[in-house]
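If you want the working numbering, it's the 1-based position in the sequence shown plus 969.
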Amino acid sequence: MIFSRVVKRWCVLCFVWLMLLLPSFGYADQPVSQCPSNDFNQFLTAFSTNTTLQSNYHQHYIRKLTLLKSPSGPLLPYQPLVDSRALHYPLMPAAEPSVTSVVISPDGNSATYTDKRGGLGNIKIYTFLHSNTCWLLSGIEDWSVRDAQLTLPDRPGMSPVEQRCAGRADLYGQLGGPERYPLTAEFFQASMDYLVCAAASGDPESSYGAAGLGLSGMAAYPGYAETERLFKAAAKTIPDATLALATFYCDGGDTPSEGACVAPQKAQGVLEAAAMSGSARGLHDLAEALGAGDLIAKNPPRALACYRAAMKAGDTAAQASIDRLLSSGVKNDASVPCLAANP
């Protein structure tokens, strides 16, 4: 009887002892792999290709940025702290560190890797902090826009691909507009690239936006021929684009001309073509150009005739210009036409 009680007590003690040991055996942390390097470029190369390193060398909470719609409508960056246990691996594709993609702080305690290989509409940024022993991932920024986040334009003649490009062009233009983010230049260029894509079939609005953005200096100038093509497509239905094309011809490209119009015949041809359509805006623009003499040869009597034609077409603002010309001494000569008769 005494022996039985001793055995039972011994078994209970063994059980308690085993329970105390179990956490160290069954729930022990996985051994942390050795830091591949304190040199950031070498560390990044190893980290980006090894999910074990990715799961070991990160902060407990990661700041993860994505673009979400704000209550007011436009997409804005949202960057909450995310528990690292919720991360999905691999965290990144194999990195290609370079002098343009890697930035290390002067004190050597932080670094960023910017991955633009997926295009300017799919930029990823990874930030790291250096601890006492190694580099730790501290943040991931995803500046891409999903198809579900797009507002597609309903304009005739656009393919689904062009519609998505137009939607992205608008969103990245909104991100670049305030000039508040480090990637502002990339956002403007992304908007430009997507506008050119959206204008592939000649959409006037996309064409006009691309031509204007290319001349603004906020994105790369696409060249004379491409800008001319974009303006011509836009000028078919957008009156402002006609005057912009004439100005472009006079400037001779992306640099405003300091002297006389570089190509006055081209500029005049564009303005006269718009006026020949009979639109009040086209007639008004031609009248202004003839009156000012900046884009084409100055001809006040003909400008007066064009203002009168514009007023007949519905341009009520033309009366003030007519009065101004008459008060300056321009003769009201009915024999001077706005547009020369076709031969």
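Glycine residues also receive a C-beta, built at the ideal position from the N, C-alpha and C atoms.
Alpha carbon to alpha carbon, how far is residue i from residue j?
i, j, result
"Ser1176", "Asp1263", "25 Å"
"Asn1091", "Cys1230", "41 Å"
"Cys1134", "Gly1042", "19 Å"
"Thr1014", "Glu1110", "19 Å"
"Tyr1058", "Thr1018", "11 Å"
"Asn1268", "Gly1260", "6 Å"
"Pro1122", "Asn1301", "48 Å"
"Arg1339", "Arg1198", "Any answer about residue 1339 is impossible in this case: the structure gives the chain only from 970 up to 1312."
"Pro1049", "Gly1222", "45 Å"
"Gln1288", "Ile1265", "22 Å"
"Asp1284", "Val1305", "20 Å"
"Thr1196", "Ile1073", "39 Å"
"Ser1039", "Arg1086", "28 Å"
"Glu1174", "Ala1203", "6 Å"
"Ala1282", "Thr1153", "44 Å"
"Glu1148", "Glu1155", "11 Å"
"Gly1186", "Thr1224", "10 Å"
"Gln1132", "Ala1138", "10 Å"
"Arg974", "Thr1020", "Below a pLDDT of 50, predicted positions are generally treated as unreliable, and Arg974, at 48, falls in that range; the measurement from the model is reported next regardless. Their Cα atoms are separated by approximately 54 Å."
"Arg1237", "Gly1247", "Correcting the residue identity first, residue 1237 is Gln in this sequence and not Arg. Rounded to whole angstroms, Gln1237 to Gly1247 spans 16 Å at the Cα level."
Indicate the three-state DSSP secondary structure (helix, strand or coil) for residue i in the structure shown.
i, result
"Lys1300", "coil"
"Leu1144", "helix"
"Gly1222", "coil"
"Thr1035", "strand"
"Val1068", "coil"
"Pro1046", "strand"
"Tyr1150", "coil"
"Val1305", "coil"
"Tyr1030", "strand"
"Asn1268", "coil"
"Val1231", "coil"
"Leu1259", "helix"
"Phe1169", "What sits at residue 1169 in the sequence shown is Ala, not Phe. Ala1169: coil per DSSP, three-state reduction."
"Gln1023", "helix"
"Tyr1193", "helix"
"Cys1134", "helix"
"Gln1158", "helix"
"Gly1186", "coil"
"Gly1181", "helix"
"Asn1091", "coil"
"Lys1201", "helix"
"Met1245", "helix"
Per DSSP, which one or two residues make a beta bridge with residue i?
i, result
"Trp1112", "In DSSP, Trp1112 forms no bridge with anything."
"Tyr1276", "BP columns for Tyr1276 are empty, so no partner."
"Thr1096", "Thr1081 and Gly1108"
"Ile1073", "Ala1080"
"Asp1052", "Tyr1030"
Between the options, which has its C-alpha nearest residue i's C-alpha?
i, options, result
"Asp1084", "Ala1213, Gly1146 and Leu1060", "Leu1060"
"Ile1031", "Val1068, Ala1080, Leu1106 and Lys1093", "Leu1106"
"Pro1129", "Asn1101, Cys1166 and Ser1113", "Cys1166"
"Cys1219", "Lys1205, Pro1208, Thr1206 and Tyr1193", "Tyr1193"
"Asn1078", "Tyr1150, Thr1196, Asp1008 and Met1187", "Asp1008"
"Thr1035", "Ile1094, Ser1185, Ser1067 and Gly1145", "Ile1094"
"Phe1097", "Leu1294, Asp1254, Ala1169 and Asn1010", "Asn1010"
"Ser1170", "His1029, Met1280, Ala1278 and Met1127", "Met1127"
"Leu1037", "Pro1125, Leu1056 and Leu1144", "Leu1144"
"Ser1067", "Asp1076, Pro1075, Tyr1082 and Ala1055", "Tyr1082"
"Gly1088", "Ala1215, Arg1271, Asp1292 and Tyr1163", "Tyr1163"
"Leu1045", "Gly1146, Asn1101 and Ala1080", "Gly1146"
"His1029", "Ala1055, Thr1102 and Pro1062", "Ala1055"
"Asp1254", "Gly1228, Glu1227 and Ala1286", "Ala1286"
Can you confirm whether residue i, when its beta carbon is compared against all beta carbons of chain C, has any partner nearer than 9 Å?
i, result
"Tyr1030", "The structure shown contains no chain C; it is built from a single protein chain."
Below 6 Å CB to CB, which residues in the same chain sit around residue i once its five sequence neighbours on both sides are set aside?
i, result
"Ala1243", "Thr1211 and Gly1251"
"Phe1012", "Pro1005, Ser1006 and Trp1104"
"Gly1142", "Ser1160"
"Gly1136", "Leu1119, Thr1120 and Leu1121"
"Ser1113", "Asn1091"
"Pro1033", "Note that residue 1033 corresponds to Lys in the displayed sequence, not to Pro. The residues are Val1051 and Ile1109."
"Ser1290", "Tyr1276"
"Lys1235", "Tyr1218"
"Leu1273", "Leu1294 and Val1299"
"Val1071", "Tyr1082"
"Ala1249", "Ala1279, Ala1282, Gly1283 and Asp1284"
"Ala1232", "Tyr1218"
"Ala1258", "Leu1240, Leu1264 and Ile1265"
Can you give me the Cβ contacts of residue i inside the same chain, cut-off strictly under 8 Å, excluding the 5 residues immediately before and after it?
i, result
"Ala1189", "Gln1158, Met1161 and Gly1183"
"Leu1022", "Ser1002, Pro1005, Ala1015 and Phe1016"
"Asp1209", "Tyr1177"
"Ser1297", "Pro1269"
"Ile1207", "Pro1173, Glu1174 and Tyr1177"
Can you name, in chain order, every residue of its own chain whose Cβ lies under 7 Å from the Cβ of residue i, other than the five neighbours on each side?
i, result
"Leu1308", "Glu1241, Ala1244 and Met1245"
"His1027", "Ser1053, Leu1105 and Leu1106"
"Ala1168", "Ser1175, Ser1176, Ala1179, Leu1199 and Ala1202"
"Leu1140", "Leu1044 and Val1114"
Does the ligand COA have a heavy atom nearer than 8 Å to the CB of residue i?
i, result
"Lys1300", "Because no ligand of any kind appears in the structure shown, any question about the ligand COA cannot be addressed here."
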